[in-house]
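Engineer:
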Amino acid sequence: MSTPTKKRKRDVPESSPQRNRSIASFFRSQSAAKAEQPSLPPPEDTEQTLSDEALARKLQEEWNQQENTAPRLETDTPRNVTATATASDPPAISDDGISRPSNPEPKNNSTLSLQSSTGTEDTVSLAVPFDQSPLTFDSRKYAEELKSHWAAEGGDASYALLTRAFVLANSTTSRIRIVDTLVNFLRVLIEGDPSSVLPAVWLATNSISPPYDELELGLGGSSISKALKKVYGLNSHGLKSLYDKYGDAGDVAFEAKKKQSFTLIKPKPLKIKGAYQSLVKIAASKGSGSQETKQRIVEKLLQDARGAEESRYIVRTLVQNLRIGAVKTTMLIALARAFLYSKPNGAEFSIPTQQELARLKKEDLAETYSSAEEIVKASYARHPNYNDLVPCLLGIGVTEELLLRCGLQLHVPLRPMLGSITRDLSDMLTKLQGRDFSCEYKYDGQRAQVHCDESGKVSIFSRHLENMTEKYPDLVSLVPQIRGESVSSFILEGEVVAVDEDTGDLQAFQILTNRAKKNVDIGTIKVNVCLFAFDLMYMNGEPLLDRSFRERRELLRSLFVEIPKRFTWVKSIDATSGDSETVLEFFKSATDTKCEGIMVKVLDNLPKNGNGNGEASTDGTKEPEQQQQPRPSSSTEDKKPAKGTRRKALLSTYEPDKRLDSWLKVKKDYSTSSETLDLIPVAGWHGQGRKAKWWSPILLAVRNPETGTLEAVTKCMSGFTDKFYQANKDKYTEGSANVISRPSYVEYAGEPDIWFEPQEVWEMAFADITLSPTYTAAIGLVSDERGLSLRFPRFLKVREDKSIDEATTSDFLALLWRKQSEKARQEEAEQPVQEENLEE
1 MSTPTKKRKR
11 DVPESSPQRN
21 RSIASFFRSQ
31 SAAKAEQPSL
41 PPPEDTEQTL
51 SDEALARKLQ
61 EEWNQQENTA
71 PRLETDTPRN
81 VTATATASDP
91 PAISDDGISR
101 PSNPEPKNNS
111 TLSLQSSTGT
121 EDTVSLAVPF
131 DQSPLTFDSR
141 KYAEELKSHW
151 AAEGGDASYA
161 LLTRAFVLAN
171 STTSRIRIVD
181 TLVNFLRVLI
191 EGDPSSVLPA
201 VWLATNSISP
211 PYDELELGLG
221 GSSISKALKK
231 VYGLNSHGLK
241 SLYDKYGDAG
251 DVAFEAKKKQ
261 SFTLIKPKPL
271 KIKGAYQSLV
281 KIAASKGSGS
291 QETKQRIVEK
301 LLQDARGAEE
311 SRYIVRTLVQ
321 NLRIGAVKTT
331 MLIALARAFL
341 YSKPNGAEFS
351 IPTQQELARL
361 KKEDLAETYS
371 SAEEIVKASY
381 ARHPNYNDLV
391 PCLLGIGVTE
401 ELLLRCGLQL
411 HVPLRPMLGS
421 ITRDLSDMLT
431 KLQGRDFSCE
441 YKYDGQRAQV
451 HCDESGKVSI
461 FSRHLENMTE
471 KYPDLVSLVP
481 QIRGESVSSF
491 ILEGEVVAVD
501 EDTGDLQAFQ
511 ILTNRAKKNV
521 DIGTIKVNVC
531 LFAFDLMYMN
541 GEPLLDRSFR
551 ERRELLRSLF
561 VEIPKRFTWV
571 KSIDATSGDS
581 ETVLEFFKSA
591 TDTKCEGIMV
601 KVLDNLPKNG
611 NGNGEASTDG
621 TKEPEQQQQP
631 RPSSSTEDKK
641 PAKGTRRKAL
651 LSTYEPDKRL
661 DSWLKVKKDY
671 STSSETLDLI
681 PVAGWHGQGR
691 KAKWWSPILL
701 AVRNPETGTL
711 EAVTKCMSGF
721 TDKFYQANKD
731 KYTEGSANVI
741 SRPSYVEYAG
751 EPDIWFEPQE
761 VWEMAFADIT
771 LSPTYTAAIG
781 LVSDERGLSL
791 RFPRFLKVRE
801 DKSIDEATTS
811 DFLALLWRKQ
821 SEKARQEEAE
831 QPVQEENLEE
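Be aware that the sequence shown starts at 1, since it is given in the working numbering, and climbs by one per residue.
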């Protein structure tokens, strides 16, 4: 039922000395109504109106009529009609009270009445101390209390409980505290309402489905703005003022909800499952009328939000920016630990008691955590779908069996293995000293994971796990021809590269991007491609991840059929660290053939050296002295002092979702004196002089993978062509969807002239990295007071093959700074020796 704005009839005699307060003090009349009676004096002086009770009765009657004539969706909950006006007719709600009839009739659940919107929050859920240590948090106690509380409201876990976890996670920058908060929250759900664990995980990870399902909300900013204005009685000016002040849609909803004084009925409690199902409905709405359907669902979510914090996080969920500092890895860690402490009632798997875990020594507890986390992470890397992972955890807990029940599966893409970056060829040869390895061309194309089952069904996925099957129908039609007679099913990996149809010559990645992404008809294809296969992870129902790379490669090349210019193997050579000249020549041939560089992969596993840790040096001997010192690293694990003097074994197995030194990449850009970084453009200033019509300089940022924020690192005004400047100006035109108000998730104290919607990754060269009092990149990693910045940054190109989730991290920037500092110290130490030699 829409907000009531019709002028009401008088029901109080004119001679009555007392009048109830006019409804105009709560709702401004529609402009049309005003036009009909332009000469009416102010309503508080001459107009007599219905009492609040009469208004409620009238609205109840209208509501009942609508309920009887307009069938509701099966999942709709009772309407929540707020006492606010529409977006075009903002309310004039007074906060100094409402006159009530002296003897109101008793109210029941079917009668509407004006109520204060304050005090509607779920105070029970909002008081749970999730941020305690899991070793002391009494999840059983809170689960029982909440189950009784939820029983009066339908039985399912309330969204307020999830909001409580979000609020606590957002209130700290401590990674330990964030993980503890999520662990305890999940424990309460596991013990109190296991059916809400899965939707809670989806909501907390800011998604509703795995990436290969292509289920997207498809909500524009206008839909959310309309809902905010309608539900909270904001006009366009008021909404813009709030957004300009806070810069975050969730914060705008928080402030608007706080100012909402009255509702006609108490909101029906929003549930975790209900919120998730609403998002799925939004994503599933297609075709004619879908935008109206989505709009109604969004408004319903805002209406059912019982407090300002619920409103904040509902809107942040809708705009897909929770800002709670919890990334994918954080959730996997939280799930692993939660199922160490808790299990659903009636579950058959065993877990240690809280007291047993509390008695463990610190290092033993850390080992227990680590073992559970590795299992969950490995399962998710092989089968990245919470719809399968969470039910398995609820059924069997964190056990090795999880890798069997929720492991590698056809048509479910596994997360790809990644290669570590090396500075140059000499760095690579040092790391792989004494090992046999393969050097492969690193083609300038799109990584593809091809699945084929026994029935011949083919799926193709990108490195981001997006389904590309419709993009490459020519590759799909190729599968029956390349599959050998003994191959019934497989998962292989390769690089899709644009090639010249006649000569087979490689073409640039930009050519490949000209292909349409969906509904591609083979007859209309103008950009021909070749699949250069380099790995085989699954064959005939058997996973091959634990086999050596040499064995996987042999199976790939012996069981599949080459087709010139369409399907073949990556060009490669086998070598050792002693074959430096051969490797150098191969690297030059790769760059001369329009490749990005080379990939270097360890061919065989080495046996353990008997120390019980699975560690070995590269040649089975003790490391040289210069290799014994712990190297700076962006990972938390590598920041710990190294134990002993031996490096971990370089395994040649396929390790999904890991970046290891057993795969190394040497790009032509790395062979120069400086590194390159992949940065995100976030803001700009009006140019000066010749560049006055463009944005110059441009502010760039690295991403902080722990907090989800973007940290400013440098301004750049070098390397851009006039054509690029103009295209960039056209893209980020003031007033366009690509331009936003100051975002709270970008950490920068300055005041750019314009803020960009973060969406691109730019490859940048630079001279060196410096400490900076201005920029926030990596602050706290190298200095508590200063961040890092770049000297002489220069734009190279737009990385169209990368999303902002793959941009350079603050951790990696700090790692490069440490390497730079170490190199400078070594040069300083060598300088006196060189001078002494010159004097001699």
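Ideal Cβ placement from N, Cα and C applies to all residues, glycine included.
Computed from a predicted model, the values in this text were never measured in an experiment.
What alpha helix (DSSP H) runs, 4 residues minimum, are completely inside the stretch 781-806?
Structural biologist: Runs found: none.
Engineer: Take residue 331 and list the residues in its own chain whose beta-carbon comes closer than 8 Å to its own, dropping the five residues that flank it on each side.
Structural biologist: Closer than 8 Å at the Cβ level, and outside the excluded window around residue 331, lie 182, 201, 204 and 205.
Engineer: Which residues does DSSP list as the beta-bridge partners of residue 237?
Structural biologist: Looking at the DSSP assignment, residue 237 forms no beta bridge with any residue, so it has no partner.
Engineer: Quick check for students: name the residue ranges of the beta strand (DSSP E) that lie wholly in the stretch 120-164, counting only runs of 3 or more.
Structural biologist: Counting whole runs of 3 or more residues, the stretch 120-164 contains no beta strand (DSSP E) stretch at all.
Engineer: With 16 as the cutoff for other CB atoms within 10 Å, does residue 325 come out buried or exposed?
Structural biologist: With 16 or more Cβ atoms within 10 Å of its Cβ, residue 325 is classed as buried.
Engineer: Verify whether the separation of the beta carbon atoms of residue 602 and residue 428 is less than 8 Å.
Structural biologist: No. Outside cutoff.
Engineer: Quick one: residues in its chain with C-beta nearer than 8 Å to the C-beta of residue 809, no 5 flanking neighbours on either side, listed in chain order?
Structural biologist: Once the five neighbours on either side are set aside, the close Cβ partners of residue 809 are 634, 702, 703, 704 and 705.
Engineer: Look up residue 725 in the DSSP assignment and say whether it is helix, strand or coil.
Structural biologist: In this structure, residue 725 counts as helix in the three-state DSSP scheme.
Engineer: Going by CA-CA distance only, name the one from 771, 799, 479 and 391 that's closest to residue 820.
Structural biologist: The shortest Cα separation from residue 820 among 771, 799, 479 and 391 belongs to 771.
Engineer: Would residue 351 and residue 340 qualify as a contact pair, given that the criterion is a beta-carbon distance under 8 Å?
Structural biologist: Cβ distance < 8 Å, so residue 351 and residue 340 count as in contact.
Engineer: Could you give the DSSP three-state label for residue 560: helix, strand or coil?
Structural biologist: Three-state DSSP puts residue 560 in a strand.
Engineer: Excluding the 5 residues flanking residue 700 on each side, which residues of the same chain have their C-beta closer than 8 Å to its C-beta?
Structural biologist: Excluding sequence neighbours, residue 700 sits near 679, 680, 681, 682, 712, 713, 714, 715, 716, 762, 764 and 793.
Engineer: Please report the residue range of the beta strand (DSSP E) in which residue 441 lies.
Structural biologist: Start and end: 437-442.
Engineer: Can you say whether residue 822 is buried or exposed, counting buried as having 16 or more other CB atoms within 10 angstroms of its CB?
Structural biologist: The residue is exposed, with fewer than 16 neighbouring Cβ atoms inside 10 Å.
Engineer: Starting from residue 355 and walking both ways along the alpha helix (DSSP H), at which residues does that stretch end?
Structural biologist: It spans 354-359 - the alpha helix (DSSP H) in which residue 355 sits, taken as one unbroken run.
Engineer: Using only alpha-carbon positions, find the residue among 599, 814 and 500 that is nearest to residue 777.
Structural biologist: The option with the nearest alpha carbon to residue 777 is 814.
Engineer: For residue 473, collect the residues of the same chain with a Cβ closer than 6 Å to its Cβ; drop the 5 residues on either side in sequence, then sort them by chain order.
Structural biologist: Hits under 6 Å: 520 and 522.
Engineer: Exposed or buried, which one is residue 308 when buried takes at least 16 other CB atoms within 10 Å?
Structural biologist: It counts as buried.
Engineer: Once you ignore the five residues that flank residue 406 on each side, which residues in its own chain have a CB closer than 7 Å to its CB?
Structural biologist: Excluding sequence neighbours, residue 406 sits near 379, 383, 388, 389 and 392.
Engineer: Quick test of your reading: residue 283 and residue 208, contact by CB under 8 Å. State the CB separation rounded to the nearest angstrom.
Structural biologist: About 6 Å; that satisfies the 8 Å criterion.
Engineer: Output the boundary residues of the alpha helix (DSSP H) element that contains residue 232.
Structural biologist: Counting along the chain, the alpha helix (DSSP H) containing residue 232 begins and ends at 221-232.
Engineer: When the Cα of residue 483 is compared with those of 127, 557, 290 and 275, which residue comes out closest?
Structural biologist: Considering only alpha carbons, the answer is 557.
Engineer: Going by beta-carbon coordinates alone, are residue 227 and residue 257 separated by less than 8 Å?
Structural biologist: Not a contact, by the Cβ cut-off of 8 Å.
Engineer: Of all the options 140, 303, 259 and 408, which has the alpha carbon lying nearest to the alpha carbon of residue 656?
Structural biologist: It is 408 whose Cα lies nearest to the Cα of residue 656.
Engineer: Give a yes or no on whether the C-beta atoms belonging to residue 196 and residue 272 are separated by under 8 Å.
Structural biologist: Yes, they are a contact pair.
Engineer: For residue 681, does the three-state DSSP call read helix, strand or coil?
Structural biologist: Residue 681 falls in the strand class under three-state DSSP.
Engineer: Given 8 Å as the limit, is there contact between the stretch 432-441 and the stretch 410-423, that is, 3 or more CB pairs closer than that?
Structural biologist: No contact exists between the stretch 432-441 and the stretch 410-423.
Engineer: Give the straight-line distance between the Cα atoms of residue 152 and residue 289, rounded to the nearest whole angstrom.
Structural biologist: C-alpha separation (whole angstroms): 36 Å.
Engineer: Could you tell me which residues DSSP puts in a beta bridge with residue 667?
Structural biologist: 597.
Engineer: Can you give me the start and stop residues for the beta strand (DSSP E) that residue 349 sits inside?
Structural biologist: Neither: residue 349 is in no beta strand (DSSP E) and is coded neither H nor E.
Engineer: Using the beta-carbon count (16 or more within 10 Å), is residue 245 buried or exposed?
Structural biologist: Residue 245 comes out exposed.
Engineer: Is the beta carbon of residue 146 sitting closer than 8 Å to the one on residue 179?
Structural biologist: No, the Cβ-Cβ distance between residue 146 and residue 179 is not below 8 Å.
Engineer: Between which two residues does the alpha helix (DSSP H) containing residue 843 stretch?
Structural biologist: Residue 843 lies beyond the range of the chain shown here (1 to 840); nothing can be said about it.
Engineer: How many whole angstroms separate the CB atoms of residue 381 and residue 337, which I take to be in contact at a CB cut-off of 8 Å?
Structural biologist: Contact doesn't hold; Cβ gap of about 18 Å is too wide.
Engineer: Tell me whether the beta-carbon of residue 545 lies closer than 8 Å to the beta-carbon of residue 721.
Structural biologist: No.
Engineer: Judging by CA-CA distance, which residue of 811, 126 and 134 is the nearest neighbour of residue 168?
Structural biologist: Nearest of 811, 126 and 134 to residue 168, Cα basis: 126.
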